Every structure is written in structure tokens, then in C-alpha cells.
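Numbers 73 to 280, taken from our numbering, label the letters of the sequence shown in order.
Contents: one structure, followed by commentary.
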Amino acid sequence: MGKWAEVHCSCPNRRPLPDSGFPWGEPPRGYKGTLEEWEQTKKHMFECGHRNGVVIEFWPGEFIYLGYLIGRIFPGEFEIFQRAGDWRCYDDELLLIEPADAELWLMEIDELERALNGFGNLPYQKMNKLILEFFRSELGREHDLKERLDQIAAEMPFAPINSIKENLERDGFPDLGSTMEKIRGALTDAAQFCRAGIETGNPVRLLW
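Rendered as C-alpha cells:
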């Protein structure tokens, strides 16, 4: 399955609304409104107001990949981050980071953020390698995307594909500055899940 991350809420009324189930092409019977309105206000909504009963959920690919790189570059360190980036730690594609471990993870995130800003005691050589490895992966993804777009344009030339190619060529390939910002963004994303897990008392659920 595709990677995903979420933290469930702990609300006392964490129950699906009666008409929150998926209707096939039209609103549930008795609902006074359009299908679009229902999807925006009721679809998968719980009584507590949290959609799907979760306080936070989004794609965690950047910080899971960062965890994988950390495992290679800092063996024996950053235990929680390494666990998140190692598919072998997942049980049936699911890894639970309990609140106590989320607190440790926040400490790991803080140490990495400090190192990115030139502080702390992490070896410069290892941090440099982490940034360069992340940068190489970005270059590879951009190169693969460009090749695929060239192939599609050759087979089925039409305006939207050519527009995407032009945007890619205009924006150019990633540089080290943008890579640093992506790493910082990945750390920020991971920290959001940690704080949500600590506040709710529920585990961070990582799905591979």
C-alpha cells in the first residue's frame, strides 16, 4: 500500500456520524443537500468533528526516507527515526510509535534541526553526507520524471504534457538550498505527528 501516517483522536464521542458512510453517486437517503455538500461536511466525519476520527494524517514519505538515510549514516543512533525508516520494523505494514517513544523522537528531531543550523555535536561529515544523499535522491526523482514525460510526450503529444515539461525545465533541478528546506520540512512533519501522539495519548500510526 502507499505510505500514510495518522494519529487517532481521543474524543469521548469518537463515533462515525450516522450518515457518514460512502453513498454511491448520491447523498444518503434523507440528507437535505447535494452530494458535494455531503462530501465536504459529512463524509467519513465523526461526531467529535474529526474526519475519520483522526487529528492529523498525511503522506509521510519525506521523513520515512529521511529515517532510512539516518539508519545508514548514523547506525546505532536516532533509534525512533531509524525505526520509522526501516520496513523491517513494520508489522503487517504498520508501525506504532507510542507516546513515550514520540517524546524521544522529538528529542531526535530537535538534535537534527540544531545540527542543520550549525549547532550541536553531530559530526559535520555525517550531516554533510545526509544532506548530499537526500539531494541525490531528489535529482534522481527529477531525472526519472523528465524521462517519463519525454516518453509520454513522444507517444501522445498534447498541450498539458508539454506545459508540465516546460514548468519542470523552467524550475530546474533541485539545489542544495531547496534540499535543506525539504529536510527541515520533513523534520517539521515528523514533529507534528509526535506532538499529536503526545497530546492525545495515542500512537503515531505509520503505514508502509
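The beta carbon of each residue, even a glycine, is placed where N, CA and C say it ideally should be.
From a predicted model like this one, the values you see are computed outputs, not experimental measurements.
- Beta-carbon to beta-carbon, residue 128 and residue 268 are separated by about 5 Å, close enough to satisfy the 8 Å threshold.
- Contact fails between the segment 92-101 and the segment 130-148, because fewer than three Cβ pairs, one in each stretch, are under 8 Å apart.
- Residue 125 sits close to residue 81, with the two beta carbons spaced by under 8 Å.
- Bridge partners of residue 80 according to DSSP: 126.
- By the neighbour-count criterion, in which a residue is buried when 16 or more other Cβ atoms sit within 10 angstroms of its Cβ, residue 115 is buried.
- Residue 153 is classed as buried because its beta carbon has at least 16 other beta carbons within 10 Å across all chains shown.
- Residue 85 and residue 266 have their alpha carbons spaced roughly 23 Å apart.
- Annotation: residue 87 is outside any beta strand (DSSP E) and is labelled neither H nor E by DSSP.
- Here residue 78 is buried: its Cβ has 16 or more other Cβ atoms, across all protein chains shown, within 10 Å.
- In this structure, residue 174 and residue 278 do not form a Cβ contact; the two beta carbons are roughly 11 Å apart against a cut-off of 8 Å.
- Its Cα nearest to that of residue 159, the residue 133 stands out among 108, 194, 258 and 133.
- In the three-state reduction of the DSSP assignment, residue 158 falls in the coil class.
- In the assembly as shown, residue 275 is a buried residue. Its beta-carbon has 16 or more other beta-carbons within 10 Å.
- Of the candidates 255, 111 and 205, 255 places its Cα closest to the Cα of residue 185.
- Excluding sequence positions up to five before and after residue 83, its CB lies within less than 6 Å of the CB of 120, all in the same chain and listed in chain order.
- Within the same chain, 277, 278, 279 and 280 come within 8 Å of residue 166 by CB-CB distance, once the 5 residues on both sides are set aside.
- Inclusion of residue 251 and residue 203 in the CB contact set at 8 Å is warranted, their separation being smaller than that value.
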